[in-house]
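Enquirer: What follows is a structure written as structure tokens; I'll ask about it next.
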Amino acid sequence: MGRQSNEGATAISTLESYFGAVPDPRAANATHRLGDLIVMMIAASLCGATNATEFSLFAQERKQALSRLIDYEEAPSHDTFSRLL
609 MGRQSNEGAT
619 AISTLESYFG
629 AVPDPRAANA
639 THRLGDLIVM
649 MIAASLCGAT
659 NATEFSLFAQ
669 ERKQALSRLI
679 DYEEAPSHDT
689 FSRLL
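Residue 609 is where the sequence shown starts when you use the working numbering, and the numbers rise one by one after that.
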């Protein structure tokens, strides 16, 4: 069980560092980092989410698990995800 958890954390960390290098065209005062949002969208998609509302709901419902890997106070809104799509 511990091995799977470490592998998952490593995979998320790798995705986050990869997408963290993507230039962020949003305003400098954006609340959530672009790389974090992309990782959330990938994780949500793998769990069956197909739109911005479902991405936001996923980030809210899985906050405890995701917050071990991604630092966020409030889950991104569906509007935040919509702007990225």
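Every residue, glycine too, gets a C-beta built ideally from N, C-alpha and C.
Can you say whether Val647 is buried or exposed, counting buried as having 16 or more other CB atoms within 10 angstroms of its CB?
Expert: So Val647 counts as buried.
Enquirer: Is Ser664 buried or exposed, if buried means 16 or more other CB atoms sit within 10 Å of its CB?
Expert: Buried, because 16 or more other Cβ atoms sit within 10 Å of the Cβ of Ser664.
Enquirer: What runs of the alpha helix (DSSP H), each 4 residues or longer, lie entirely inside the stretch 631-657?
Expert: As far as the stretch 631-657 is concerned, its whole alpha helix (DSSP H) runs of at least 4 residues are 642-654.
Enquirer: Smallest Cα separation from Leu693: which of Glu624, Leu645, Ala667 and Ala629?
Expert: Closest option to Leu693, Cα to Cα, is Leu645.
Enquirer: Between the C-alpha atoms of Ala629 and Gly643, what's the straight-line distance to the nearest angstrom?
Expert: If you take the alpha carbons of Ala629 and Gly643, they lie about 8 Å apart.
Enquirer: Flag this pair as yes or no: are the beta carbons of Ala673 and Ala652 separated by less than 9 Å?
Expert: Contact flag unset, no.
Enquirer: In the structure shown, what three-state DSSP assignment does Ser685 receive?
Expert: DSSP places Ser685 in coil when its eight states are reduced to three.
Enquirer: Just mark Ala636 as buried or exposed, buried being the case when its beta carbon has 16 or more other beta carbons within 10 Å.
Expert: Label assigned to Ala636: exposed.
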